[in-house]
Amino acid sequence: MDGRVRQSLNTAPSEGSDSWCVRWRRVPGARLRLFCLPHAGGGATVFRQWAQYLAPEIEVIAIRLPGRETRRGEIPFTSVDDLVPALMAAIRPWIDRPYAWFGHSLGALVAFEACRAARRLCQAEPTCLVVSGNPAPHVPPREGLAPGAPASEFVAKLKELSGTPVELLNNPSALSSILPTLRADYTMVETYTCREEPPLDCPITILGGIGDHSTSFEELDGWKRHTTAGAVVRMIPGGHFFVAESIGDVLPVVAADIRAASGGR
Numbered sequence: 001m002d003g004r005v006r007q008s009l010n011t012a013p014s015e016g017s018d019s020w021c022v023r024w025r026r027v028p029g030a031r032l033r034l035f036c037l038p039h040a041g042g043g044a045t046v047f048r049q050w051a052q053y054l055a056p057e058i059e060v061i062a063i064r065l066p067g068r069e070t071r072r073g074e075i076p077f078t079s080v081d082d083l084v085p086a087l088m089a090a091i092r093p094w095i096d097r098p099y100a101w102f103g104h105s106l107g108a109l110v111a112f113e114a115c116r117a118a119r120r121l122c123q124a125e126p127t128c129l130v131v132s133g134n135p136a137p138h139v140p141p142r143e144g145l146a147p148g149a150p151a152s153e154f155v156a157k158l159k160e161l162s163g164t165p166v167e168l169l170n171n172p173s174a175l176s177s178i179l180p181t182l183r184a185d186y187t188m189v190e191t192y193t194c195r196e197e198p199p200l201d202c203p204i205t206i207l208g209g210i211g212d213h214s215t216s217f218e219e220l221d222g223w224k225r226h227t228t229a230g231a232v233v234r235m236i237p238g239g240h241f242f243v244a245e246s247i248g249d250v251l252p253v254v255a256a257d258i259r260a261a262s263g264g265r
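Those letters in the sequence shown? Residues 1 to 265, by the UniProt record's numbering.
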């Protein structure tokens with residue numbers, strides 16, 4: 001067993017600086033928890049505003065993966081297959097009520113695999129999966145990023161794909177601190193394989209940016225084959241990072257679809 005899986009096997013929710021789960025706002029009466037996974041290189045702070053908007057019905061639990069923010073000193077994962085077991089162990093103490101997943105870009109793939117893992121582990125399954133800014137998991141990745149390439153080549157490719165905030169890539173100090181995590185995250189993207197499994201039993205909401213050239217509508221629509229409970233594609237104004245650019249459009253959709261999938265609870 002990976003040491004990081006053992007560290008995650010707590011019997012009660014952990015909220016220390018090394019915790020996987022970050023609760024920006026405690027919502028004792030929330031009927032549902034929404035676990036949120038960020039884009040490649042992203043951290044839990046991406047979802048700070050979400051906690052305020054979605055309360056009091058939904059309590060937001062942002063996932064802080066190793067290698068970023070307060071966990072920057074930890075070694076980041078380079079494989080989705082290795083990451084998911086540790087993630088599932090980490091969230092187990094938090095699943096004491098209905099829950100859903102949200103994932104953007106790389107986070108969408110990880111959230112999808114977390115849903116599959118819950119079924120394999122006979123754990124409580126989510127009421128809804130919301131994926132954002134990423135092709136369906138069975139769609140082959142576009143031209144390779146070569147995470148092991150020289151820094152200048154790797155960064156140039158990142159800019160071309162518009163999958164990482166350009167202000168971060170243009171900041172040498174910030175880039176040097178996050179580059180190892182970016183390489184690790186894109187290694188996860190490049191090495192990910194969608195294995196054949198039955199479709200999920202929960203509905204999927206698929207969000208795309210109208211101006212996001214990294215993902216086509218057809219690639220987003222492909223998510224529909226991965227559920228038996230129905231799926232809908234919703235296009236939002238903005239580019240790849242429309243979840244931040246158009247947060248006022250995104251959060252009402254997320255809240256409404258999760259509420260509908262949970263039977264209006």
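Heads up, the beta-carbon is just placed ideally off N, CA and C, and yes, glycines get one too.
Query - Cβ-based neighbour list, Leu-54, same chain, cut-off 8 Å, excluding 5 preceding and 5 following - result: Counting only Cβ-Cβ distances below 8 Å, and skipping sequence neighbours, we find Leu-34, Val-60, Leu-251, Val-254, Ala-255.
Requested in this report: Kindly list the residues whose CB is nearer than 7 Å to the CB of Pro-151, restricted to its own chain and excluding five residues on each side of it in sequence; keep chain order.
Outcome: First, the residue type needs correcting, since residue 151 is Ala and not Pro in the sequence shown. Excluding residues within five positions, the ones whose Cβ falls inside 7 Å are Leu-179.
Query raised in the report: Glu-74 to Leu-37, Cα distance in whole Å?
Result: A direct Cα-Cα distance of roughly 18 Å separates Glu-74 from Leu-37.
**Report entry** Beta-carbon gap between Val-139 and Glu-219 smaller than 9 Å
**Finding:** Yes.
Report task. Along the beta strand (DSSP E) that carries Gly-209, what are the first and last residues, could you check? Result -> Start and end: 204-209.
Query raised in the report: What is the DSSP secondary structure of Thr-45, reduced to helix, strand or coil?
Result: Helix, per DSSP.
Query raised in the report: Which of helix, strand or coil does DSSP assign to Ala-55?
Result: Per DSSP, reduced to three states, the secondary structure at Ala-55 is coil, with no helix or strand assignment.
Report task. Verify whether the separation of the beta carbon atoms of residue 267 and Val-130 is less than 9 Å. Result -> Residue 267 lies beyond the stretch modelled for the chain, which goes from 1 to 265, so this question has no answer here.
Query - One or two residues paired with Val-27 in a DSSP bridge - result: The bridge partners DSSP lists for Val-27 come to none.
Query - Nonlocal neighbours in the same chain, by C-beta distance under 7 Å from Glu-29, ignoring five residues either side - result: Before going further, note that residue 29 is Gly rather than Glu in the sequence given. Here the set comprises Pro-56.
**Report entry** Which listed residue (Leu-145, Trp-101, Pro-137, Asn-134) has its alpha carbon closest to that of Ala-124
**Finding:** Selected option, being the one with the closest Cα: Trp-101.
Report task. Output the residue ranges of the alpha helix (DSSP H) runs that lie fully inside the stretch 92-123 and measure 4 residues or longer, sorted by chain position. Result -> Those alpha helix (DSSP H) runs which fall completely within the stretch 92-123 and span 4+ residues are 106-120.
Query - Unbroken stretches of the beta strand (DSSP E), 3 residues or longer, contained in the stretch 124-191 - result: Those beta strand (DSSP E) runs which fall completely within the stretch 124-191 and span 3+ residues are 128-132.
**Report entry** For Gly-16, three-class secondary structure by DSSP
**Finding:** DSSP places Gly-16 outside both helix and strand once states are collapsed to three, so it counts as coil.
Query raised in the report: Among Arg-234, Ala-136, Ser-132, Asp-96, which has the Cα closest to the Cα of Arg-195?
Result: Measuring from the Cα of Arg-195, the nearest candidate turns out to be Ala-136.
Query - For Ala-62: DSSP bridge partner residues - result: When beta bridges are read from the DSSP output, Ala-62 appears opposite Val-22, Cys-36.
Query raised in the report: For Ile-247, which of helix, strand or coil comes out of DSSP?
Result: Collapsing the DSSP output to three states places Ile-247 in a helix.
Query - Three-pair Cβ contact test at 8 Å for the stretch 38-45 versus the stretch 106-118 - result: In this structure the stretch 38-45 lies against the stretch 106-118, because at least three pairs of beta carbons, one per stretch, are closer than 8 Å.
Requested in this report: Determine the contact status of Ile-58 and Val-80, defining contact as a CB-CB distance below 9 Å.
Outcome: Judged by their CB atoms, Ile-58 and Val-80 are not nearer to each other than the 9 Å cut-off.
Query raised in the report: Using the C-alpha atoms, what's the distance from Arg-64 back to Ser-173?
Result: Rounded to the nearest angstrom, the two C-alpha atoms are 21 Å apart.
Report task. Identify the continuous alpha helix (DSSP H) that holds Glu-219 and give its terminal residues. Result -> First-last of the alpha helix (DSSP H) with Glu-219: 217-221.
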